[in-house]
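Worksheet: the structure to be examined is printed underneath.
Protein chains: 2
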Amino acid sequence: MNMRDDQLAMREARPPIHARPKTAAHDREITAALRTVHALRELAPAVMVRLAAGAMRLEVARGERLFDASAHCPGPYILASGRLALSVGNPDTGHKVIRLAETGDVIGLSAALLGIVTFASAEALVDSTVILLPREALVERARRDAPLAFALASLAARQARNLALDLEAVSLQSGRQRIVQYLLASATTGPAASPAVLLPAKKSIIASRLSVTPEYFSRTLHELISAGAINVNGRQIVIRDAARLRGNTRPD
Amino acid sequence: MNMRDDQLAMREARPPIHARPKTAAHDREITAALRTVHALRELAPAVMVRLAAGAMRLEVARGERLFDASAHCPGPYILASGRLALSVGNPDTGHKVIRLAETGDVIGLSAALLGIVTFASAEALVDSTVILLPREALVERARRDAPLAFALASLAARQARNLALDLEAVSLQSGRQRIVQYLLASATTGPAASPAVLLPAKKSIIASRLSVTPEYFSRTLHELISAGAINVNGRQIVIRDAARLRGNTRPD
DNA sequence: GTCGCCGCTTGATATGGATCAAAGTGTTCG
DNA sequence: CGAACACTTTGATCCATATCAAGCGGCGAC
Numbered sequence: 003m004n005m006r007d008d009q010l011a012m013r014e015a016r017p018p019i020h021a022r023p024k025t026a027a028h029d030r031e032i033t034a035a036l037r038t039v040h041a042l043r044e045l046a047p048a049v050m051v052r053l054a055a056g057a058m059r060l061e062v063a064r065g066e067r068l069f070d071a072s073a074h075c076p077g078p079y080i081l082a083s084g085r086l087a088l089s090v091g092n093p094d095t096g097h098k099v100i101r102l103a104e105t106g107d108v109i110g111l112s113a114a115l116l117g118i119v120t121f122a123s124a125e126a127l128v129d130s131t132v133i134l135l136p137r138e139a140l141v142e143r144a145r146r147d148a149p150l151a152f153a154l155a156s157l158a159a160r161q162a163r164n165l166a167l168d169l170e171a172v173s174l175q176s177g178r179q180r181i182v183q184y185l186l187a188s189a190t191t192g193p194a195a196s197p198a199v200l201l202p203a204k205k206s207i208i209a210s211r212l213s214v215t216p217e218y219f220s221r222t223l224h225e226l227i228s229a230g231a232i233n234v235n236g237r238q239i240v241i242r243d244a245a246r247l248r249g250n251t252r253p254d
Numbered sequence: 003m004n005m006r007d008d009q010l011a012m013r014e015a016r017p018p019i020h021a022r023p024k025t026a027a028h029d030r031e032i033t034a035a036l037r038t039v040h041a042l043r044e045l046a047p048a049v050m051v052r053l054a055a056g057a058m059r060l061e062v063a064r065g066e067r068l069f070d071a072s073a074h075c076p077g078p079y080i081l082a083s084g085r086l087a088l089s090v091g092n093p094d095t096g097h098k099v100i101r102l103a104e105t106g107d108v109i110g111l112s113a114a115l116l117g118i119v120t121f122a123s124a125e126a127l128v129d130s131t132v133i134l135l136p137r138e139a140l141v142e143r144a145r146r147d148a149p150l151a152f153a154l155a156s157l158a159a160r161q162a163r164n165l166a167l168d169l170e171a172v173s174l175q176s177g178r179q180r181i182v183q184y185l186l187a188s189a190t191t192g193p194a195a196s197p198a199v200l201l202p203a204k205k206s207i208i209a210s211r212l213s214v215t216p217e218y219f220s221r222t223l224h225e226l227i228s229a230g231a232i233n234v235n236g237r238q239i240v241i242r243d244a245a246r247l248r249g250n251t252r253p254d
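Sequence lines, in order, name chains A and B.
All residue numbers for the first sequence refer to my numbering, where the first residue is 3 and numbers rise by one.
All residue numbers for the second sequence refer to my numbering, where the first residue is 3 and numbers rise by one.
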C-alpha cells in the first residue's frame, strides 16, 4: 500500500458539516432513512419514532470527512444518501479503504457500542446525508429495549462477518483474483444485455478497497481487456465473457 | 499463505467431541465459565442461571475441530478452558489463522446471531472445554432480554473491531512489522525480569496468525536475534532490548 | 479557447516475502 | 534405545506486486 496523502493529509475540524433544523418533515425523512436499514426495518413503529426523535440529520459535502480515525464517535451514523469511503491508516502508514458505504449502511457502530474511538475515517465521495443516532440515548434505549439491542447485535455481527471475508480475501487470494471477484460480484446482470459494473468511485479508491495499487489495478484491467474478458470505458465496465474472466485469475 | 492440509482435510462429523451429562455440579461449572466472559459478567444472576440451564458442555480433544468453515453453527461457544485456532480458507486456497481463542472468548457468535454458516473453522490446539449456548434458545431469550441482547451486541462489536485492526495490520504493515508488534504487544513485563513472550502455539500457527510463512517467521526471528533485540528458546522469547526491537521494522 | 490539474495509463525497475528443497532437532512410542 | 514423525531451520530461487517516473487526455475555470 502506502499511497500518498497530499492534500487530504491535514485538515481537521472543518465546519462545513451542516446540521439541519428539526421539523415534522425532517422527522419523517429521518424515519424513512432508518427504514432503509435492513436490521432496523422490523422494529415497532413506536421505537422508530423514538429513535428518529433523538436523531440528527447531517450533510457531508463531497471530500469532507464525517470523522477521522481515533476520533470520539458521538454515535452510529446511518447513511441516508450519498456514498462514503471508510479507511484505516494514518499519514505515515498510508491509507486503505476498508469499506464503501452506500445508502442504508451504518457506520461507526462498533465504536459507538463500545464507547471507544473510531478506527477508521469516513470521507464523503459525493455529497451525502447521514443520520446520527446519539450514542448516549441509543445505548440507554437499547439497554431496555431488547428488539433494538438485538438489531444492533445483528448489525455488528454482519460487519464482523464482512471484515472476516475481506481478511480472507486479502490473505488467501492474489490481487488479480480479488479484482476479478470484485467485478463478478458487483456485476448487475441486465436482462438481455451483458452484465456490467459501474464503479462507485474513482479507480484509485476501488484499487485501495481491493488492496492493490492504482497502477496495478489499471494494468490488470487492461490485461483483462486484452484477454477479451471485459470492456472498460471510464468507470463503466462490461463483462464480455464471464467464464473467461473467472478463469483469468493468474497473470499471464 | 497456502499451507498444505494433508490429514485434516476430510473428516466431518466425527464423534470424539464429548458432551457431558448434566448435573448440579456441571451447572455451577457452566455458570463459572459464563462469568469468564467479560461482556456477560454484568448480567443478572437469574439470567446467567437461565443461560447455564440451556447450555451444553463439550470437550474438544487436541487436534479436533469444533466446527468447519461453511458449517451450520448450533450456537455461540464459550471457551471454558484450552485454546482454539480459528482459520479461514479451504483445502485449495490454503488456510490462515484469523484468531487464537483463549479462555473466556466467544466463538461462532456472528454465525449464530445471523443464523448463517460459519466462515471459519475452529480447531483445538490443546484439549479444550467449550460451552455451547444453543442458538434458538439464546436468540429467543435475547429478543426479550435487553441486557443480554446488548451484551451480545458488544461482543460482536468487539470482534468487528479486532478484525478491522487485523485488516489494517495486514494491509499497511510489513510482515516484519507485524512480527515485531506482536512480540511487543504480547510481552508480559515481569516485575524485575525482562519482558518475555511464551508463544501460545506452534510457530507455524503464530506465523499464519501474523500472515507470514513459517519460513519467513523463522528467518525474521533469527534476524532479530542477530540484531540483539531478542532471545529465542523454543516457544519462549525474551525481549532483550525493546527499543531496538521497536526500531527493527525493516529488513536489514 | 487554452491553461492547469487531476485521474489514469504506461514503462522500467526493485524487492519483500513466497516457494521449493533439504537438512537439522526434538519428542513420542514401541 | 532407535525409528518415525513433527516441527523448525537454512539455503537458493523466483515472482507478484510495489515503487518511481513520465506521459496523456479530458474537463473545469478563467
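Each residue gets a CB set at the ideal place from its N, CA and C atoms; glycine is no exception.
Being a predicted model, the structure only gives us computed values, none of them experimental.
Item	Value
Could you name the residues of chain B that S156 (chain A) contacts, counting a contact when the two beta carbons are closer than 7 angstroms?	L115, L116
Skipping 5 residues on each side, what residues in its chain have a beta carbon closer than 8 angstroms to that of R160 (chain B)?	A41
Return no unless some Cβ of chain A is closer than 9 angstroms to the Cβ of K205 (chain B).	no
Tell me, please, whether the segment 75 to 90 of chain B touches the segment 130 to 146 of chain B by the rule of three or more beta-carbon pairs shorter than 8 angstroms.	yes
Which class does K204 (chain A) belong to by DSSP, given the choice of helix, strand or coil?	coil
Tell me the rounded alpha-carbon separation between D70 (chain B) and D168 (chain A).	19 angstroms
Give, in chain order, every residue of the segment 164 to 185 of chain A whose Cβ lies closer than 8 angstroms to some Cβ of chain B.	L165, A166, L167, D168, L169, E170, V172, S173, L174, Q175
For A158 (chain B), which residues of its own chain have a beta-carbon under 8 angstroms away from its beta-carbon, when the five flanking residues on both sides are left out?	L111, S112, L115
Can you confirm whether T90 (chain A), when its beta carbon is compared against all beta carbons of chain B, has any partner nearer than 9 angstroms?	For clarity, residue 90 (chain A) is Val in the given sequence; the question names Thr instead. Closer than 9 angstroms to some Cβ of chain B, the Cβ of V90 (chain A) qualifies, so yes.
Looking at A189 (chain B): is its Cβ nearer than 9 angstroms to the Cβ of A244 (chain B)?	yes
Quick check: the Cα distance between L174 (chain A) and A48 (chain A), rounded to an integer number of angstroms?	46 angstroms
Is T251 (chain B) closer than 9 angstroms to S176 (chain B) when the C-beta atoms are compared?	yes
Taking only beta-carbon positions, decide if T251 (chain A) is within less than 9 angstroms of chain B.	no
Just mark G249 (chain A) as buried or exposed, buried being the case when its beta carbon has 16 or more other beta carbons within 10 Å.	exposed
Considering N92 (chain A), what are the terminal residues of the beta strand (DSSP E) in which it resides?	79 to 92
A54 (chain B) and L36 (chain B) - do their beta-carbons sit closer together than 9 angstroms?	yes
Are the C-beta of L200 (chain A) and some C-beta of chain B separated by less than 9 angstroms?	no
Just by C-beta distance, which residues in the segment 78 to 108 of chain B are closer than 7 angstroms to chain A?	V90, G91, T95, G96, K98, I100
Taking Cβ-Cβ distances shorter than 7 angstroms, what residues in chain B pair up with D147 (chain A)?	A148
Between which two residues does the alpha helix (DSSP H) harbouring G249 (chain A) extend?	244 to 249
Using a Cβ cut-off of 9 angstroms (strictly closer), state whether R160 (chain A) contacts chain B.	yes
With 9 angstroms as the threshold, decide whether the Cβ of V240 (chain A) is near any Cβ in chain B.	no
Anyone know if the C-beta pair for A139 (chain B) and P149 (chain A) falls short of 9 angstroms?	no
One question on the structure: do I241 (chain A) and L200 (chain A) come within less than 9 angstroms of each other, judged by their Cβ atoms?	no
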